[in-house]
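K.L.:
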DNA sequence: CCTATTTCATAATCTAGCTTATTTTTTGTT
DNA sequence: AACAAAAAATAAGCTAGATTATGAAATAGG
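Residue numbers (my numbering), protein chains in the order written: chain A, 9 to 201; chain B, 9 to 201.
This is the structure:
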């Protein structure tokens with residue numbers, strides 16, 4: 009059952025006894041979204057952090073010129089949210105949208121706090137998760153500055169091998185920080201070698 | 009006393025009772041570094057996470073072409089480390105260097121775990137800190153893609169008003185992701201208006 | 001199965017920011 | 001105070017990547 013995927017994922021990072029497992033199972037439930045539905049829209053307050061069972065979710069910011077900038081893709085066994093908005097309860101900077109039919113668990117603040125209270129170990133779990141996410145985010149900052157667009161594309165391919173087939177190219181371009189035309193040019197270049 | 013600064017800082021994010029406060033106080037101690045000393049060097053394993061009382065610390069990555077890329081500046085009441093290396097115990101991607109004489113608390117893994125065990129609330133504290141840092145890192149990626157170098161410089165000035173006077177320009181340039189020459193040009197442009 | 005809408009490829013032109021080089025200013029050391 | 005070394009300013013020429021434009025190929029919906 010798909011809720012067990014979540015338990016297994018937690019147990020990669022911390023130990024859980026049976027009591028704790030059943031508390032967690034009792035409090036979470038699966039929810040499904042259709043392709044193109046939004047979990048949050050830029051400007052609204054973000055109410056949820058989600059854990060994804062299946063599907064794919066994209067977070068992106070639309071800037072003043074109307075250009076999209078993809079912050080992250082989240083797939084199976086990963087998290088998504090506009091954390092800044094979720095924490096501060098201020099308007100979201102990002103759109104969080106399903107780009108495939110997606111099945112997930114939705115955690116609102118109340119559920120989050122309830123879980124922390126009943127299973128305090130989860131504080132540790134979320135600390136570890138958050139630290140790991142921070143490390144990736146910092147690495148991305150450095151890569152953005154130190155690598156060419158082509159190198160960043162190659163890194164993207166290694167980091168997310170399946171994703172290239174699953175999401176349209178213009179989204180990948182906006183994740184890499186280049187135009188779709190330029191990404192197309194890079195692919196042409198690579199193919200010609 | 010400077011250790012109290014640290015307690016005050018923690019208490020901005022979580023509540024502590026007296027027992028917890030004294031445990032924390034008993035386990036931490038101040039350490040001083042000279043200007044230019046390294047807390048970690050790229051390639052070594054990072055042994056510490058530090059909290060800064062006074063001074064300024066820079067984390068930067070030197071890429072294959074020998075160019076420096078500043079990941080972060082950390083000043084009074086902030087953290088520094090190569091988190092990726094600290095967590096995984098693999099070689100550090102970053103140099104972490106004092107750019108002023110710096111007074112700080114040094115947390116190694118053992119101390120960290122000891123603190124988490126004796127004051128479990130600190131798991132929550134570090135989760136919050138990490139989440140906030142993650143939010144900034146994500147915002148920085150988006151800004152890098154959506155703003156011009158000049159806009160990023162103006163944002164930097166607003167975010168860290170004192171820092172411009174405290175650190176050399178070439179470091180600011182490497183934080184913004186531009187060359188020192190180009191930052192100089194931007195400053196000239198702004199001055200001429 | 002057909003049409004409309006997205007998505008992708010290719011190419012010419014253009015620009016923000018890089019490189020390289022030289023000069024001036026600031027900082028640190030004896 | 002004097003010298004050396006690091007940092008900053010300025011400027012000319014150069015490229016990575018943007019913009020604009022056009023056509024071809026996929027997808028999706030009816």
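C-beta atoms are modelled at their ideal positions from N, C-alpha and C, and glycine is treated no differently.
For a cutoff of 9 Å on Cβ pairs, would you count residue 44 of chain A as touching chain B?
P.N.:
No, no contact with chain B.
K.L.:
For residue 129 of chain B, would you say it is in contact with chain A, using Cβ-to-Cβ distances shorter than 9 Å as the test?
P.N.:
Taking Cβ atoms only, chain A reaches closer than 9 Å to residue 129 of chain B, which makes this a yes.
K.L.:
Using the Cα positions of residue 47 of chain B and residue 94 of chain A, report the straight-line distance between them to the nearest angstrom.
P.N.:
About 34 Å.
K.L.:
What does residue 134 of chain A reach in chain B if we use C-beta pairs closer than 7 Å?
P.N.:
Neighbours of residue 134 of chain A on chain B, chain order: 135.
K.L.:
Given a cut-off of 9 Å, decide if residue 70 of chain A and residue 82 of chain A are closer than it, judged by their beta-carbon atoms.
P.N.:
Not closer than 9 Å, so no.
K.L.:
For a minimum of 4 consecutive residues, which ranges assigned as the alpha helix (DSSP H) are wholly contained in the segment 93-177 of chain B?
P.N.:
Counting whole runs of 4 or more residues, the segment 93-177 of chain B contains the alpha helix (DSSP H) stretches 117-126, 129-154, 157-167, 171-174.
K.L.:
Using the C-alpha atoms, what's the distance from residue 12 of chain A back to residue 38 of chain A?
P.N.:
Spanning the two alpha carbons is a distance of roughly 11 Å.
K.L.:
May I ask you to report which of helix, strand or coil DSSP gives residue 60 of chain B?
P.N.:
Strand, per DSSP.
K.L.:
Return the residues of the segment 153-168 of chain A that lie within a Cβ-Cβ distance of less than 7 Å from chain B, sorted by chain order.
P.N.:
Listed by position, the residues of the segment 153-168 of chain A near chain B (Cβ gap below 7 Å) are 153, 154.
K.L.:
According to the neighbour-count rule (16 or more other Cβ atoms, all chains shown, within 10 Å of its Cβ), is residue 42 of chain B buried or exposed?
P.N.:
By the 10 Å Cβ count, residue 42 of chain B comes out exposed.
K.L.:
Would you mind working out which of A/50, A/167, A/189 sits nearest residue 98 of chain A, comparing C-alpha positions?
P.N.:
The option with the nearest alpha carbon to residue 98 of chain A is A/50.
K.L.:
Is it buried or exposed, residue 156 of chain B, if we count other Cβ atoms within 10 angstroms and call 16 or more buried?
P.N.:
Residue 156 of chain B is exposed by the Cβ-count criterion.
K.L.:
Shorter than 9 Å from the beta carbon of residue 81 of chain A to some beta carbon of chain B?
P.N.:
Cβ-Cβ to chain B under 9 Å: no for residue 81 of chain A.
K.L.:
DSSP on residue 67 of chain A, reduced to helix/strand/coil?
P.N.:
Residue state, collapsed to three classes: strand.
K.L.:
Report the rounded CA-to-CA distance for residue 168 of chain A versus residue 27 of chain B, giving the unit in angstroms.
P.N.:
The alpha-carbon atoms of residue 168 of chain A and residue 27 of chain B are separated by roughly 47 Å.
K.L.:
What in chain B is Cβ-close to residue 89 of chain A, meaning under 9 Å?
P.N.:
Those do not exist, as residue 89 of chain A stays about 10 Å from chain B at its closest Cβ, beyond 9 Å.
K.L.:
Can you tell me which of the three DSSP states residue 40 of chain B falls into?
P.N.:
Three-state result, residue 40 of chain B: strand.
K.L.:
Buried or exposed for residue 44 of chain A, please, with buried defined as at least 16 other CB atoms from any protein chain shown within 10 angstroms of its CB.
P.N.:
With fewer than 16 other Cβ atoms within 10 Å, it is exposed.
K.L.:
Return the residue from the list B/23, B/90, B/136 that minimises the CA-CA distance to residue 115 of chain B.
P.N.:
If we check each option's Cα against that of residue 115 of chain B, B/90 comes out closest.
K.L.:
Based on the DSSP output, what are the partners of residue 46 of chain B in its beta bridges?
P.N.:
In DSSP, residue 46 of chain B forms a bridge with B/105.
K.L.:
Using a beta-carbon distance below 9 Å, is residue 95 of chain B in contact with chain A?
P.N.:
Closer than 9 Å to some Cβ of chain A, the Cβ of residue 95 of chain B qualifies, so yes.
K.L.:
Could you say if the segment 171-185 of chain B and the segment 125-145 of chain B meet the contact criterion of at least three C-beta pairs nearer than 8 Å?
P.N.:
In short, these stretches do not touch, since the Cβ pair count stays below three.
K.L.:
How about residue 111 of chain B and residue 32 of chain B: are their beta carbons less than 9 Å apart?
P.N.:
The answer is no: Cβ separation not under 9 Å.
K.L.:
When the Cα of residue 160 of chain A is compared with those of A/131, A/132, A/143, A/190, which residue comes out closest?
P.N.:
Comparing Cα-Cα distances from residue 160 of chain A to each of A/131, A/132, A/143, A/190, the minimum goes to A/190.
K.L.:
Between the Cα of residue 17 of chain A and those of A/196, A/78, A/84, A/56, spot the shortest distance and give me the residue it belongs to.
P.N.:
Selected option, being the one with the closest Cα: A/84.
K.L.:
State the start and end residues of the unbroken beta strand (DSSP E) segment that holds residue 88 of chain A.
P.N.:
Here the beta strand (DSSP E) through residue 88 of chain A covers 86-88.
K.L.:
Run down chain A in chain order and give the residues with a C-beta less than 7 Å from the C-beta of residue 202 of chain B.
P.N.:
Because chain B is modelled from 9 through 201, residue 202 of chain B falls outside the range shown and cannot be assessed.
K.L.:
Could you tell me the alpha carbon to alpha carbon distance between residue 158 of chain B and residue 74 of chain A, rounded to whole angstroms?
P.N.:
For residue 158 of chain B and residue 74 of chain A, the distance between alpha carbons rounds to 19 Å.
K.L.:
Considering only DSSP beta bridges, list what residue 29 of chain A is partnered with.
P.N.:
Beta-bridge pairing links residue 29 of chain A to no other residue.
K.L.:
Kindly indicate which three-state DSSP category residue 189 of chain B falls into: helix, strand or coil?
P.N.:
DSSP places residue 189 of chain B in helix when its eight states are reduced to three.
K.L.:
Find the nearest neighbour of residue 153 of chain A within the set B/40, B/34, B/76, B/198, judged by alpha-carbon distance.
P.N.:
When only C-alpha atoms are compared, the closest one is B/76.
K.L.:
Please compile the residues from chain B whose C-beta is within a distance smaller than 7 Å of the C-beta of residue 146 of chain A.
P.N.:
Within chain B, the residues near residue 146 of chain A are 79, 145.
K.L.:
Tell me the rounded alpha-carbon separation between residue 88 of chain B and residue 180 of chain A.
P.N.:
Between residue 88 of chain B and residue 180 of chain A, the C-alpha separation is close to 31 Å.
K.L.:
Ignore the nearest five residues each way along the sequence and tell me which others in residue 188 of chain A's own chain have a CB closer than 7 Å to its CB.
P.N.:
Once the five neighbours on either side are set aside, the close Cβ partners of residue 188 of chain A are 177, 178, 181.
K.L.:
Spatial neighbours of residue 14 of chain B within its chain, please: CB distance less than 8 Å, with the 5 preceding and 5 following residues excluded, ordered by chain position.
P.N.:
Counting only Cβ-Cβ distances below 8 Å, and skipping sequence neighbours, we find 32, 36, 59, 61, 113.
K.L.:
Can you find a C-beta in chain B that's less than 9 Å from the C-beta of residue 192 of chain A?
P.N.:
So, not an interface residue.
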